[in-house]
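Here's the structure, in structure tokens; my notes come after.
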Amino acid sequence: MGPLKFNRYTEDLADLIVSFMLTYRLYADDTQLLRSSSIASIKPTVDRLQDCVTAIRQWCGSRRLQLNPAKTELIWFGSHANLQKIATTDHSLRVDENVIHSVDSVRDLGVVLDSELTLQCHVNKVASACYYHTRRLKQVCRLLGPNAASTLVSAFVLSRLDYCNANKR
């Protein structure tokens, strides 16, 4: 099924999510549910998310699609103090027999977001990947001319450093 047919096939998913008063992000076959909540209203928020996930699972079943619990993640964003306050309560979701517990970080289109939005995990992963490629390029750059070496550094290192950079020149 091509992208256009897939979009038509799944276009009513947005209406379903909005009916639960949730915000959403759709990218290809990836769906993100978003909801802002105060500490006091965590339980109703979890209940709303659970009801929506259950409805989405039923929606998927009616269209011969599957909701994959193994790829379903739940993350709470907030300050360290607020995250500590909600850590003592159960705020997991269920997809059939599977329990989806909250995680400390998620990957969104190649960017690692941690629950406190420090980006420390993302920076560490990018630095590690760049260091790895720099070491690998060091081995072959002696055999290449400066233009080829510059192209490889740009492709393997600078592209990673500049990915998702909002301050483009």
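Mapped onto the numbering used here, the consecutive letters of the sequence shown carry residue numbers 40 to 208. The C-beta atom is built at its ideal place from N, Cα and C for all residues, glycine as well.
Of the residues the options, the one placed nearest residue i, counting alpha carbons only
{"i": "Leu72", "options": "Lys82, Ala187, Ile95 and Ser118", "result": "Ile95"}
{"i": "Ile125", "options": "Ser77, Val145 and Asp68", "result": "Ser77"}
{"i": "Val150", "options": "His161, Thr157 and Val192", "result": "His161"}
{"i": "Asp153", "options": "Phe116, Thr84 and Asp86", "result": "Phe116"}
{"i": "Asp147", "options": "Tyr202, Asp51, Phe45 and Gln105", "result": "Tyr202"}
{"i": "Cys91", "options": "Tyr63, Arg102, Ala79 and Ile114", "result": "Tyr63"}
{"i": "Val134", "options": "Gln105, Thr127 and Gln123", "result": "Gln105"}
{"i": "Leu65", "options": "Arg74, Thr49 and Ala188", "result": "Thr49"}
{"i": "Ala79", "options": "Cys99, Asp51, Asn121 and Leu52", "result": "Asn121"}
{"i": "Trp98", "options": "Asp51, Lys82, Ile81 and Thr127", "result": "Asp51"}
{"i": "Tyr170", "options": "Gly184, Val196 and Val145", "result": "Val196"}
{"i": "Met60", "options": "Ile81, Arg87 and Gly41", "result": "Arg87"}
Collapsed DSSP secondary structure at residue i in the structure displayed
{"i": "Tyr63", "result": "strand"}
{"i": "Leu122", "result": "helix"}
{"i": "Asp51", "result": "helix"}
{"i": "Ile114", "result": "coil"}
{"i": "Ser58", "result": "coil"}
{"i": "Asp86", "result": "helix"}
{"i": "Asp201", "result": "helix"}
{"i": "Val162", "result": "helix"}
{"i": "Ser154", "result": "coil"}
{"i": "Ser75", "result": "coil"}
{"i": "Val179", "result": "helix"}
{"i": "Val142", "result": "coil"}
Distance between residue j and residue i (C-alpha atoms, nearest Å)
{"i": "Ser167", "j": "Glu136", "result": "37 Å"}
{"i": "His119", "j": "Leu176", "result": "39 Å"}
{"i": "Glu155", "j": "Thr84", "result": "19 Å"}
{"i": "Arg102", "j": "Lys44", "result": "13 Å"}
{"i": "Ala113", "j": "Asn186", "result": "The question names Ala, yet the displayed sequence has Leu at residue 113. Cα-Cα distance, rounded: 45 Å."}
{"i": "Asp129", "j": "Ser75", "result": "18 Å"}
{"i": "Lys164", "j": "Arg47", "result": "36 Å"}
{"i": "Ser193", "j": "Arg174", "result": "14 Å"}
message: Using 8 Å as the cut-off, can you tell me whether the stretch 105-118 makes contact with the stretch 40-60, which would need three or more C-beta pairs spanning the two stretches below that distance?
response: The stretch 105-118 makes no contact with the stretch 40-60, as fewer than three CB pairs between them are under 8 Å.
- prompt: Should the stretch 177-189 be called in touch with the stretch 140-148, which here means at least 3 C-beta pairs below 8 Å?
  reply: Counting Cβ pairs under 8 Å, fewer than three are found: no touch.
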